[in-house]
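In what follows, a structure is listed as structure tokens, so that the remarks can point back to it.
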Amino acid sequence: MITKQYLVALSHLFDNATKYIMPNSEFKISFQSNEDFVYVDFDMISLKVEPEEIEKSSLREVSGHWSQELDLAGDGIGMYVIQKLVGLNGGKVEFKASYDKGKAMKYNNVPYENNKIIIALKK
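Residues 900 to 1022 in our numbering are what the sequence shown spells out, letter by letter.
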């Protein structure tokens, strides 16, 4: 069942994706399911996330280096809210930075990588 919390979490995810995705690139969404969860896989070429930022991405009021550098950073609550709301409903969020290293590139001198966010929504 899709709860209001899941919808708010997805809203934050789409907000982040539209800010950080590389211009003129694809935003792929796929679904899988088992007895307990629906898995939503968000796959995109988006701003590079520095290795030391990965664990911090789920903290409140934390924005990545490149989002700050490009003046795209908001309040730094996006991933925090996503993880908190999904977790409150028994779900899980996994962020995979530079999932496919072969897709790393620069666009207008800005580094982008193939990043994934996988959300497991409890049925």
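Quick reminder that beta carbons are idealized off the backbone N, C-alpha and C, glycines included.
As DSSP reads the structure, MET1004 sits in a beta bridge with TYR1011.
Shown here for TYR1006: same chain residues with a beta carbon closer than 8 Å to its own, the five before and five after excluded, namely MET921, PRO922 in chain order.
A distance below 7 Å separates the beta carbons of GLY977 and ASN915. Take VAL948, set aside five residues on each side of it, and the residues of its chain with a beta-carbon closer than 6 Å to its own are GLY963, ALA996, in chain order. Cβ contact annotation for LEU912 (same chain, cutoff 6 Å, sequence separation greater than five): ILE981, in chain order. DSSP places VAL992 in the uninterrupted beta strand (DSSP E) bounded by 991 to 995.
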